[in-house]
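Sequential numbering from 191 applies to the sequence shown in this note's numbering.
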Amino acid sequence: MARHIITGVMMACAVWAAHAQDTTPPQNVQLQHQEIAKGEPMRWKQADTTKAAQEHTLRKEIGAALAEARQACQKGAASERSSCLKDAQQTYKDDMAKVPQILAENKQ
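Structure representation (structure tokens):
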């Protein structure tokens, strides 16, 4: 269930990113290409074994989605920026409020 919610959050961010063109800062593009060439880090394949680790990862992913949404808002039309930022912040708050529920559903 958590993956579905996170996927939904990421898709929403992708929509904003598509609307605002590329949200990746230019200085990060080269680093990303180098990382991709190396392949996936081993840590990506290691599951979080404790509830605290799972919660930390989930909160980190929600925070990253907010950061991407904010970048997309900044690149969007100035007239829509305030509304965009408010929507992004509300999505963040809603997702953070769902963290306990997501963790409980994943435990089952």
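From the three backbone atoms N, C-alpha and C, an ideal C-beta is built for every residue, glycine too.
According to the neighbour-count rule (16 or more other Cβ atoms, all chains shown, within 10 Å of its Cβ), is ARG233 buried or exposed? exposed
Where does the unbroken alpha helix (DSSP H) through ASP277 begin, and where does it stop? 268-287
Taking just the CA atoms, how far does GLY229 sit from VAL219? 16 Å
Grouping DSSP H, G and I as helix and E and B as strand, with all else coil, what is ALA225? Looking at the sequence shown, residue 225 is not Ala but Glu. Residue state, collapsed to three classes: helix.
Please report the straight-line C-alpha distance between PRO231 and GLU225, rounded to a whole angstrom. 9 Å
Thinking C-alpha only, which one of PRO215, GLU270, ALA255 and THR214 is nearest ASP285? Out of PRO215, GLU270, ALA255 and THR214, ALA255 has the C-alpha closest to the C-alpha of ASP285.
On a Cα-Cα basis, can you pick out the residue from LYS265, SER273 and CYS274 that is closest to PRO215? LYS265
Taking three-plus beta-carbon pairs below 8 Å as touching, is the region 288-297 in contact with the region 266-275? no
Taking the straight line between their C-alpha atoms, what separation do you get for ASP238 and GLU251? 13 Å
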